[in-house]
Amino acid sequence: MHSFKAMLAAAILSAPGVMTAQARTILFLGSSFTYGAHSAAQHYHPELVKDLNGPDRFGETYAGVPAIFKQFTLEAGQGDYDVSSELVGGKGLEYWFTVPGTLAKINKPWDAVVMHGFSTLDQAHPGDRTLLLSSSKDIAGMFLSANPRAKLYLFATWSRADQTFPDTAPPPWKGKPIQQMGKDVQAAYEQAVKEEPRYAGIVPVGLAWNRAIDTGIADGNPYDGQDPNKVDLWAYDHYHASAYGYYLEALMDFGKITGHDPMELDGKDRVAEALGISPQQSHALMQVAHDTLEAQK
């Protein structure tokens, strides 16, 4: 019975779109910020994604944002995306050049790649963009050598509450407005694209989080209790995203990469229901994604 249910679920999920011989291959390259750590997003229909790392010690593969992105494309009639992921927690883009064997898994002629560095720009030196600038340039050169027509996107990550509010938080964001870290990360990625103009663009997820906070949709400080009628974009560690945060990340990826308005998903999205996001909340987060992407044009 369990096997039949799994097969039926897979059939339902794939019904809106059909893979073709011209499927566009897309790689999501990153860390726990993409595989959906500490949320239900991590386990959302892993059959929709080819996890290049294979099963973990529990026999599971990652789903996360790549799987949600795939489902969004199916619902929008854009189901010809062949989605793969290569995700390792706690790593930046430089990781792929320092660990033997990792480049062989990703050095392929992808049609598109979405990638990001470590959330503080440099794990050893928070706020220092030097490593991001060099590693993003190196990895772009590699992907474009494999496919000069590849569309490469950098995903600018969100402000971390744990880097801002606690007395034990380190510099440089301790005590600053919660939006500042997202702005600084966005600026670093903008410099990366300026120095390597062959990038197709930036997925400004951090700016979307800021907009959700500024417009009263999301709570801006998870340490002082959750404000009524607002969502918490962070997971319980105030570092990773909650299901709401990963959902917003996937909406931003969908809008930026496909060129489709995230609002097209309003009223027909099944991801929100699976993640426990209400229709009102999903509509609000779609509006945030729409407005953030429009503001970047």
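Residue numbers (numbering that gives the first Met the number 0): 0 to 296.
Every residue, glycine too, gets a C-beta built ideally from N, C-alpha and C.
Just so we're clear, the structure is a prediction, and the values are computed from it rather than from any experiment.
A103 and I256 have their C-alpha atoms some 25 Å from each other. In the three-state scheme derived from DSSP, where H, G and I count as helix and E and B as strand, F154 is classed as strand. Shown here, I276 sits in coil according to DSSP, grouped into three states, outside any helix or strand. For Y80, there is no enclosing alpha helix (DSSP H); the enclosing beta strand (DSSP E) has its first and last residue at 80–86.
Counting only runs of at least 3 residues, the region 162–230 fully encloses the following beta strand (DSSP E) elements, listed from N- to C-terminal order: 200–203. Shown here for Q190: same chain residues with a beta carbon closer than 7 Å to its own, the five before and five after excluded, namely R128, L132 in chain order. For V64, the enclosing alpha helix (DSSP H) covers residues 63–74. Each of P278, A160, P196, D213 was checked against the Cα of G224, and the nearest Cα belongs to A160. DSSP places F142 in the helix class (H, G or I) of the three-state scheme. Straight-line measurement puts the Cα of N209 at about 12 Å from the Cα of D231. The DSSP-derived three-state label of G29 is strand. Per DSSP, reduced to three states, the secondary structure at A123 is coil, with no helix or strand assignment. A distance below 8 Å separates the beta carbons of T156 and F32. Looking at the backbone, the Cα of S38 and that of H239 are separated by about 9 Å. Contact between the region 235–249 and the region 272–284 is established, with three or more Cβ pairs separated by less than 8 Å.
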